[in-house]
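S.K.:
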Amino acid sequence: MSIATSDTSHDRLILDSWERCRAYGLDHGSQPGLQQLASSECKVLREEHNALVHTTGQEVLPFYENILSNSKCMILLTDCRGQVLNGWGDQRFVGPRQKAFFQQGTSWQERAHGTNAIGTAIASGQAVQVQRDEHFLKANRFMIGSAAPIFDVNRDLLGVLDVSSDAYLPQAHTLGMVKLMSQSVENRLIIKMFSAEHFVLTFNTNLDNIDSQWSGLLVFNEAGTVISANRRAELLLGYDLALASISQLFDCRLRDLKNQPELLPLQLKTPGQHHMYGVIKRPSQQVIQVVDFRQPQPAAPAPAPTPGSNTDPTRPRDGVIGLDQIGYGDARVDRCVRQAERIIEKDIPILIHGETGVGKEVFVKALHQHSSRSRFALVAVNCAAIPGELVESELFGYEKGAFTGASNKGAIGLIRKAHRGTLFLDEIGEMPLQAQARLLRVLQERKVTPLGSTESYPVDIKLVSATNRCLRSQVQDGHFRQDLYYRVTGLNIELPPLRERTDRRALFQQVHRLHRDPGQSAPLSEEILKLFDLHPWPGNIRQLISVLQIALAMADDDPIEAWHLPDDFFQDIEQQRNAPPASSAPGSIAQCPPHAPEQGEPAAQPSVADAASQPPAPLQEAASAEATLAAYSLHQGNISRTAKALGISRNTLYKRLRDLGLRQS
Numbered sequence: 001m002s003i004a005t006s007d008t009s010h011d012r013l014i015l016d017s018w019e020r021c022r023a024y025g026l027d028h029g030s031q032p033g034l035q036q037l038a039s040s041e042c043k044v045l046r047e048e049h050n051a052l053v054h055t056t057g058q059e060v061l062p063f064y065e066n067i068l069s070n071s072k073c074m075i076l077l078t079d080c081r082g083q084v085l086n087g088w089g090d091q092r093f094v095g096p097r098q099k100a101f102f103q104q105g106t107s108w109q110e111r112a113h114g115t116n117a118i119g120t121a122i123a124s125g126q127a128v129q130v131q132r133d134e135h136f137l138k139a140n141r142f143m144i145g146s147a148a149p150i151f152d153v154n155r156d157l158l159g160v161l162d163v164s165s166d167a168y169l170p171q172a173h174t175l176g177m178v179k180l181m182s183q184s185v186e187n188r189l190i191i192k193m194f195s196a197e198h199f200v201l202t203f204n205t206n207l208d209n210i211d212s213q214w215s216g217l218l219v220f221n222e223a224g225t226v227i228s229a230n231r232r233a234e235l236l237l238g239y240d241l242a243l244a245s246i247s248q249l250f251d252c253r254l255r256d257l258k259n260q261p262e263l264l265p266l267q268l269k270t271p272g273q274h275h276m277y278g279v280i281k282r283p284s285q286q287v288i289q290v291v292d293f294r295q296p297q298p299a300a301p302a303p304a305p306t307p308g309s310n311t312d313p314t315r316p317r318d319g320v321i322g323l324d325q326i327g328y329g330d331a332r333v334d335r336c337v338r339q340a341e342r343i344i345e346k347d348i349p350i351l352i353h354g355e356t357g358v359g360k361e362v363f364v365k366a367l368h369q370h371s372s373r374s375r376f377a378l379v380a381v382n383c384a385a386i387p388g389e390l391v392e393s394e395l396f397g398y399e400k401g402a403f404t405g406a407s408n409k410g411a412i413g414l415i416r417k418a419h420r421g422t423l424f425l426d427e428i429g430e431m432p433l434q435a436q437a438r439l440l441r442v443l444q445e446r447k448v449t450p451l452g453s454t455e456s457y458p459v460d461i462k463l464v465s466a467t468n469r470c471l472r473s474q475v476q477d478g479h480f481r482q483d484l485y486y487r488v489t490g491l492n493i494e495l496p497p498l499r500e501r502t503d504r505r506a507l508f509q510q511v512h513r514l515h516r517d518p519g520q521s522a523p524l525s526e527e528i529l530k531l532f533d534l535h536p537w538p539g540n541i542r543q544l545i546s547v548l549q550i551a552l553a554m555a556d557d558d559p560i561e562a563w564h565l566p567d568d569f570f571q572d573i574e575q576q577r578n579a580p581p582a583s584s585a586p587g588s589i590a591q592c593p594p595h596a597p598e599q600g601e602p603a604a605q606p607s608v609a610d611a612a613s614q615p616p617a618p619l620q621e622a623a624s625a626e627a628t629l630a631a632y633s634l635h636q637g638n639i640s641r642t643a644k645a646l647g648i649s650r651n652t653l654y655k656r657l658r659d660l661g662l663r664q665s
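If you read the sequence shown in the UniProt record's numbering, its first letter stands for residue 1, the second for the next number, and so on.
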């Protein structure tokens with residue numbers, strides 16, 4: 001068996017499938033079992049899934065005409081049991097004896113066909129690409145299959161979309177395109193079900209990508225409650241969106257969002273100060289509301305301030321916080337600002353360390369605005385948010401026809417968009433190794449060669465990267481290239497977590513001023529400040545903003561009181577009190593050795609996450625496993641609540657659960 005060793009999770013998925021095949025009594029020489037429905041049953045099956053077939057064939061696939069024009073490529077759509085609903089493309093790569101397996105009503109489950117893209121995607125619940133020799137049955141090794149599951153609005157498996165071919169093209173990009181196609185089908189099914197009576201918000205991290213298939217999609221009602229959302233929205237916001245409210249997700253008034261002109265892009269800001277761009281679509285069926293004419297007429301809106309008027313100086317201009325508003329007296333933060341100011345105009349890369357939510361992106365935006373490059377673009381790339389198979393094509397661009405599914409027009413790539421500006425690679429530790437090798441060449445040669453091209457384009461960029469991991473440890477573990485590590489770590493800056501900052505109180509008041517309405521002029525009371533001091537803030541500044549937004553909405557025009565704070569705020573305090581003294585702080589990251597303080601700078605207080613205070617590695621792993629099991633049991637297997645309680649991402653939790661044998665995939 002030939003399985004690539006670069007992707008351990010993929011290897012595990014294929015090996016698990018092979019084990020299932022053996023359990024079914026199959027061997028490599030077994031012949032595929034032809035399980036096909038009668039014509040009458042096929043008709044019933046098609047009628048049952050008419051919406052899925054029509055949406056895929058008439059609304060999604062026309063945007064991928066370059067896939068359909070590939071003479072050796074075929075697209076199959078199946079139901080959740082692997083039964084073919086429809087097929088598009090050309091079967092010329094399929095031999096005469098195999099053609100029957102690609103007809104409507106044929107099943108592609110593993111027990112009949114062994115390891116294959118459709119059957120293995122159903123068994124694992126995730127997208128998969130099965131290379132020729134990865135098929136369990138030798139009879140199926142004439143093709144390569146890339147398949148992605150399609151989920152309905154309730155997140156139940158609805159079907160599978162598959163692209164099969166024998167073309168010798170970079171198939172990793174084909175898998176990425178199949179993921180986008182399945183996401184597009186899911187998006188359209190959500191819109192069809194809810195757009196008649198509810199608001200639909202489409203958003204992404206970049207203005208140019210709002211209408212892309214991997215944009216986030218939120219459906220909310222008149223009250224601002226999220227009714228439905230796609231998987232991409234949860235990934236972008238890092239939030240469990242079940243019955244969440246718009247005010248929890250974005251720093252904007254609900255009425256302003258509902259009154260936004262349709263399809264006119266607007267800028268959105270998350271509680272963590274991340275900027276998004278979106279478009280709103282109002283319900284297609286007008287909702288008739290009874291108006292109480294006895295109510296007094298609303299007062300005329302206040303005139304917009306003129307350029308010479310006295311505006312609030314504490315509010316950021318153009319939505320960007322300046323460097324002078326990053327810190328309020330904390331020695332570590334001030335040191336970060338001073339160092340970055342001196343380096344920003346020099347050809348030295350900057351690497352920012354910090355836990356999730358400490359304000360890394362806010363810091364980078366302030367730094368960019370402070371530099372001479374502010375006249376040009378700041379291109380922010382979240383390496384963890386882009387599907388792994390598409391990182392290279394998104395970063396470096398590609399020529400038309402560079403791979404199966406490539407756009408007819410090609411793409412310039414995000415690095416070239418940042419020419420003469422700043423390129424911010426957030427979560428750089430999540431970048432696939434293959435993309436790391438290409439990035440290293442770009443940084444060495446200052447040239448970008450798009451995929452499928454022999455021509456190179458010069459680029460002038462200021463590179464700023466960020467991570468919540470210790471890249472040095474990832475280098476030792478083989479997850480990050482050592483040569484790239486030394487290319488991105490010119491100046492290392494570590495933003496401290498909120499719980500360790502000495503200027504917390506000033507920061508509490510400043511965030512409160514930034515997010516309150518003009519009528520809410522009272523500052524935070526001493527009672528609230530004391531509660532904030534007690535809180536561990538596992539989500540850092542991002543969590544602080546969310547807590548204050550909820551409290552301000554609850555308080556209306558009154559001063560914030562304790563009962564205005566959300567329940568989970570007090571749960572965090574209680575959990576902190578009950579935690580053993582030696583336990584790691586919530587949300588803490590693997591720490592690299594800290595910097596030595598400058599002369600005259602007070603030494604930072606030792607963090608509970610410092611290596612010196614940690615037990616030996618085996619004990620850490622045991623404690624981590626024990627904490628994971630306890631939290632998983634306490635929250636009855638709810639992934640979102642367990643991850644939140646542990647202060648880790650859901651991806652990290654999934655990995656821990658797989659290591660503990662609690663999840664198969």
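Idealized CB from N, CA, C, for every residue including glycine.
Bear in mind the structure is a predicted one, so any value in this text is a computation, not a measurement.
Where in the region 258-288 do unbroken runs of the beta strand (DSSP E), each at least 3 residues long, occur, reported from the N-terminal end onward?
M.R.: Listed in chain order, the complete beta strand (DSSP E) runs (minimum 3 residues) inside the region 258-288 are 266-269, 275-281.
S.K.: Given Ala377, which residues of its chain have a CB within under 7 Å of its CB, disregarding the five upstream and five downstream residues?
M.R.: Sequence index remark: in the sequence shown, residue 377 carries index 377 (1-based). The residues are Lys417, Ala418, Gly421.
S.K.: From what residue to what residue does the alpha helix (DSSP H) around Ser228 run?
M.R.: Walking along the sequence shown from the start, residue 228 turns up at place 228. Element bounds for Ser228: not the alpha helix (DSSP H) but the beta strand (DSSP E), 226-229.
S.K.: With Asn86 and Glu355 assumed to form a contact (beta carbons below 8 Å), what rounded beta-carbon distance in angstroms separates them?
M.R.: As a working mapping, residue 86 is identified with position 86 in the sequence shown. As a working mapping, residue 355 is identified with position 355 in the sequence shown. Not a contact, Cβ separation roughly 48 Å.
S.K.: Who are Leu451's beta bridge partners in DSSP?
M.R.: By one-based count along the sequence shown, residue 451 stands at place 451. BP columns for Leu451 point to Tyr398.
S.K.: Name the two residues that bound the continuous beta strand (DSSP E) containing Gln129.
M.R.: As a first step, residue 129 must be located in the sequence shown, where it is residue number 129. Counting along the chain, the beta strand (DSSP E) containing Gln129 begins and ends at 128-130.
S.K.: From the DSSP output, which residues share a beta bridge with Cys73?
M.R.: Within the sequence shown, residue 73 is the residue found at index 73, counting from 1. BP columns for Cys73 point to Ser165.
S.K.: Grab me the residues of Thr106's own chain with a C-beta within less than 6 Å of its C-beta, minus the 5 sequence neighbours each way, in chain order.
M.R.: Reading the sequence shown from its first residue, position 106 is the one you call residue 106. Contacts found: Gln36, Val84.
S.K.: Does DSSP put Lys179 in a helix, in a strand, or in coil?
M.R.: As a working note, residue 179 is residue 179 in the sequence shown. Helix.
S.K.: In its own chain, which residues sit with a C-beta less than 7 Å from the C-beta of His274, not counting the 5 before and 5 after it?
M.R.: Locating residue 274 in the sequence shown gives position 274, counting from the first residue. So the list reads Glu361, once near-sequence residues are dropped.
S.K.: Spatial neighbours of Gln474 within its chain, please: CB distance less than 6 Å, with the 5 preceding and 5 following residues excluded, ordered by chain position.
M.R.: Here residue 474 is taken as the residue at index 474 of the sequence shown, counted from 1. Once the five neighbours on either side are set aside, the close Cβ partners of Gln474 are Gly429, Phe480.
S.K.: On the DSSP letters alone, give me the boundaries of the alpha helix (DSSP H) that Ser473 sits inside.
M.R.: Mapped onto the sequence shown, residue 473 falls at position 473. That run of the alpha helix (DSSP H) goes 471-476.
S.K.: Does Gln104 pass the burial test, meaning 16 or more other C-beta atoms within 10 Å, or should it be called exposed?
M.R.: The residue labelled residue 104 in the question sits at position 104 within the sequence shown. So Gln104 counts as buried.
S.K.: Below 8 Å on the Cβ atoms is my contact criterion, and I expect Leu531 with Arg505 to pass it. Report the Cβ-Cβ distance as a whole number of Å.
M.R.: Taking the first residue of the sequence shown as 1, we reach residue 531 at position 531. Taking the first residue of the sequence shown as 1, we reach residue 505 at position 505. Their Cβ separation, rounded to whole angstroms, is 12 Å, which puts Leu531 and Arg505 out of contact at 8 Å.
S.K.: Please list the terminal residues of the continuous beta strand (DSSP E) segment that includes residue 699.
M.R.: No statement about residue 699 is possible, as the shown extent of the chain runs from 1 to 665 and does not include it.
S.K.: Are three or more beta carbon pairs between the region 132-142 and the region 23-40 nearer than 8 Å?
M.R.: Segments in contact, yes.
S.K.: Can you tell me the Cβ-Cβ gap for Asp256 and Pro271, rounded? I've got them flagged as a contact below 8 Å.
M.R.: To locate residue 256, count along the sequence shown from 1; it is residue 256. To locate residue 271, count along the sequence shown from 1; it is residue 271. In fact, because the Cβ distance is near 17 Å, the residues do not count as touching under 8 Å.
S.K.: My guess is that Ile560 and Leu514 are in contact by the Cβ rule of under 8 Å, so how many angstroms apart are they, rounded?
M.R.: As a working note, residue 560 is residue 560 in the sequence shown. As a working note, residue 514 is residue 514 in the sequence shown. About 14 Å separates the two Cβ atoms, so there is no contact after all.
S.K.: Assuming Asn230 and Leu217 form a contact by the criterion Cβ under 8 Å, report the distance between their Cβ atoms to the nearest whole angstrom.
M.R.: As a position in the sequence shown, residue 230 is number 230, starting the count at 1. As a position in the sequence shown, residue 217 is number 217, starting the count at 1. At roughly 4 Å, the Cβ-Cβ gap stays under 8 Å, so Asn230 and Leu217 are in contact.
S.K.: So is Phe396 buried or exposed if we call it buried at 16+ other beta carbons inside 10 Å?
M.R.: Start at 1 with the first residue of the sequence shown, and residue 396 comes out as number 396. It counts as buried.
S.K.: CA-CA distance, Val333 and Arg188?
M.R.: For the purposes of this step, residue 333 is identified with residue 333 of the sequence shown, where counting begins at 1. For the purposes of this step, residue 188 is identified with residue 188 of the sequence shown, where counting begins at 1. If you take the alpha carbons of Val333 and Arg188, they lie about 45 Å apart.
S.K.: Alpha carbon to alpha carbon, what distance is there between His49 and Thr56?
M.R.: Sequence index remark: in the sequence shown, residue 56 carries index 56 (1-based). Sequence index remark: in the sequence shown, residue 49 carries index 49 (1-based). Distance between the alpha carbons of Thr56 and His49 is about 11 Å.
S.K.: Grab me the residues of Arg438's own chain with a C-beta within less than 7 Å of its C-beta, minus the 5 sequence neighbours each way, in chain order.
M.R.: Reading the sequence shown from its first residue, position 438 is the one you call residue 438. Excluding residues within five positions, the ones whose Cβ falls inside 7 Å are Glu392, Phe396.
S.K.: Taking the beta carbon of Ser521 as the centre, do at least 16 other beta carbons fall within 10 Å, making it buried, or is it exposed?
M.R.: Residue numbering aside, residue 521 sits at position 521 when the sequence shown is read from its first letter. Classification for Ser521: exposed.
S.K.: In the DSSP assignment, what residue or residues form a beta bridge with residue 705?
M.R.: No information on residue 705 is available, as it lies outside the stretch 1 to 665 that the chain covers here.
S.K.: Can you list, in chain order, the residues of its chain whose CB lies under 7 Å from that of Leu235, leaving out five sequence neighbours each side?
M.R.: Translated into positions along the sequence shown, residue 235 becomes position 235. Contacts found: Ala385.
S.K.: From what residue to what residue does the alpha helix (DSSP H) around Ala123 run?
M.R.: Locating residue 123 in the sequence shown gives position 123, counting from the first residue. Residues 117-124.
S.K.: For His198, I'd like the list of residues in its chain whose CB is within less than 7 Å of its CB, leaving aside the five on either flank, ordered along the chain.
M.R.: The residue given as residue 198 occupies position 198 in the sequence shown. So the qualifying residues of the chain are Val219, Phe220, Asn221, Ile227, Pro283.
S.K.: Starting from Phe203, follow the beta strand (DSSP E) in both directions and report where the run begins and ends.
M.R.: Sequence index remark: in the sequence shown, residue 203 carries index 203 (1-based). First-last of the beta strand (DSSP E) with Phe203: 199-204.
S.K.: Could you check what DSSP says for Ala623 in three-state terms: helix, strand or coil?
M.R.: Locating residue 623 in the sequence shown gives position 623, counting from the first residue. Bear in mind that a pLDDT of 45 at Ala623, under 50, signals an unreliable position, so the model cannot answer this.
S.K.: Helix, strand or coil, according to DSSP, for Asn154 in the structure here?
M.R.: One-based indexing of the sequence shown puts residue 154 at position 154. In the structure shown, Asn154 sits in coil (DSSP, three-state: anything other than H, G, I, E or B).
S.K.: Counting only the same chain and skipping the five closest in sequence on each side, list residues whose C-beta sits under 6 Å from that of Ala121.
M.R.: Looking up residue 121 in the sequence shown gives position 121. Contacts found: Val128, Ala147, Pro149, Val160.
S.K.: Identify, in the order they occur along the chain, each residue of the same chain with its Cβ nearer than 6 Å to the Cβ of Ser465, setting aside the five sequence neighbours on each side.
M.R.: In the sequence shown, the residue the question calls residue 465 occupies position 465. Once the five neighbours on either side are set aside, the close Cβ partners of Ser465 are Leu351, Leu425, Ile428, Val488.
S.K.: DSSP state of Pro594, grouped into three classes?
M.R.: By one-based count along the sequence shown, residue 594 stands at place 594. Because Pro594 carries a pLDDT of 47, less than 50, the predicted location of this residue cannot be relied on, and no value is offered for it.
S.K.: Per DSSP, what kind of secondary structure is Ala418 in: helix, strand or coil?
M.R.: Walking along the sequence shown from the start, residue 418 turns up at place 418. Coil.
S.K.: Measuring straight from C-alpha to C-alpha, what distance separates Asp330 and Arg516?
M.R.: Here residue 330 is taken as the residue at index 330 of the sequence shown, counted from 1. Here residue 516 is taken as the residue at index 516 of the sequence shown, counted from 1. Asp330 and Arg516: Cα-Cα distance of roughly 24 Å.
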